[in-house]
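In this note's numbering, the protein residues as written are 213 to 627. In this text, a Cβ means the ideal position worked out from N, Cα and C, and glycines have one as well.
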Ligand code: ATP
Ligand code: MG
């Protein structure tokens, strides 16, 4: 991609309300733009990363044998009246009426709709288990939309729902989704802690949250300094210095976390209220046992930026970076610099993702933008080109290297 054609409206200053670095970087890099409180446009660079996260999520969900579908965001109130949540959900629910005065809502989550889709089909144990997921825009009229995509009123979620004949079968899925989540977060470059959590609004049995440890997180986690015990503070009620209830040796520590995903054993809450029943192998009718598994796709994007922004800007993790190489032309009135940079760009772009800064900007502002765009390797075609050299900036190691121009490509591929 040529930067002269890239729509990335970068800003010198972050907006005043951008309190955390991920919000500052995302807006300064021209990756997102606020349209209303908690409602954002994904600009091309932001969208590219979002789509990489989605690709990884899809690969891991498909590998489990889950099927992707897409449910409507616009949901008739009837289904939520069946489950009882139309009255219980509260002001976070975006409610609206159609022209005939019928009640609708914009889905904040999709247990009701998925139960409706599955219940007519899964009448026999022979049809189960079923695993269905979607990546979809969700709507919640959050009291305090915050930190851009971190807590949005419109946001992207991957939601998986599984349907089973027994608790044992649900257990097997629960464990394998847990492992898939660990792989997803590792691949997008996030370290997560798995914590025990209350089920809250969903109302089920066992539940775990996947937390990125960060000062900007809104959740408080208690965890052991010795074993892998970790629980949401709302659930453990433990405090700093307590003895670990799990290993009985370690001490409890407390820290903030960003919840990027969660897994719930729903049990029969929705299948009972919405009459989703199957006939078992004895010919007896039973409610289907369900699990649900959310993953905040747009929040994950923010968490990545929050965790991968350093003094010298953002450096994207490998699997989600928009461009591996960023080529800068120091002076685009210098014919030799342009010719050599173009030649590397043409050849490299057939093998890797490359951004060529061919704009007529000062080199200083090109560097500033490169720090925000976040490629790990920046290649500068400057004055040294006349003597047959270019400069490579390895941003991860914060090192510069002067390389013979004619060796540049093999050097890059090797390093
Ligand atoms: P939170 O406690 O942060 O409000 P939640 O318990 O309401 O999250 P779920 O309803 O289970 O979350 O949604 C699944 C996932 O969607 C969450 O783990 C989180 O990553 C993401 N998510 C939830 N609410 C938002 C939001 N307002 N903006 C962005 N992502 C969100
Ligand atoms: Mg919530």
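{"Query": "Cβ-based neighbour list, residue 249, same chain, cut-off 6 Å, excluding 5 preceding and 5 following", "Result": "357"}
{"Query": "Any non-hydrogen atom of the ligand ATP within 7 Å of residue 469 CB", "Result": "no"}
{"Query": "Beta-bridge pairing of residue 467 - partner residues as DSSP gives them", "Result": "433"}
{"Query": "Start and end residues, alpha helix (DSSP H) containing residue 514", "Result": "509-519"}
{"Query": "Within 8 Å, strictly: CB atoms of residue 347 and residue 283", "Result": "no"}
{"Query": "Inter-residue CB distance, residue 289 and residue 313 (contact presumed, cutoff 8 Å)", "Result": "Not a contact, Cβ separation roughly 11 Å."}
{"Query": "Same chain, Cβ closer than 8 Å to residue 376, neighbours up to 5 away in sequence not counted", "Result": "340, 341, 382, 385, 500, 501, 502 and 503"}
{"Query": "Ranges of the beta strand (DSSP E) found wholly within the region 295-326, counting only runs of at least 3", "Result": "306-309 and 315-318"}
{"Query": "Backbone CA spacing between residue 550 and residue 605 [nearest angstrom]", "Result": "19 Å"}
{"Query": "DSSP-derived helix/strand/coil call for residue 353", "Result": "coil"}
{"Query": "C-alpha distance - residue 607 paired with residue 587, whole-angstrom precision", "Result": "8 Å"}
{"Query": "Helix, strand or coil at residue 491 according to DSSP, with G and I counted as helix", "Result": "strand"}
{"Query": "Residues bridged to residue 370 (per DSSP)", "Result": "347 and 507"}
{"Query": "Residues of its chain near residue 578, where Cβ-Cβ distance is below 7 Å and the 5 sequence neighbours each way are ignored", "Result": "540 and 569"}
{"Query": "Residue 444 - partner residues in DSSP beta bridges", "Result": "433"}
{"Query": "Whole runs of the beta strand (DSSP E) within the region 533-565, excluding any shorter than 3 residues", "Result": "537-541"}
{"Query": "The ligand ATP heavy atom lying under 7 Å from the CB of residue 418", "Result": "no"}
{"Query": "Residues near residue 254 by beta carbon distance below 7 Å, same chain, minus five either side", "Result": "244 and 262"}
{"Query": "Nearest-angstrom beta carbon gap, residue 617 and residue 537 [assumed within contact, 8 Å]", "Result": "About 15 Å; that fails the 8 Å criterion."}
{"Query": "Residue 374 versus residue 483: straight-line alpha-carbon distance, rounded", "Result": "12 Å"}
{"Query": "heavy atom of the ligand ATP below 7 Å from residue 354 C-beta", "Result": "yes"}
{"Query": "Sufficient close CB pairs (3 or more, under 8 Å) joining the region 506-525 to the region 467-485", "Result": "yes"}
{"Query": "Opposing strand residues paired with residue 522 [DSSP bridges]", "Result": "525"}
{"Query": "Residues near residue 597 by beta carbon distance below 6 Å, same chain, minus five either side", "Result": "548, 549 and 552"}
{"Query": "For residue 336: DSSP bridge partner residues", "Result": "491"}
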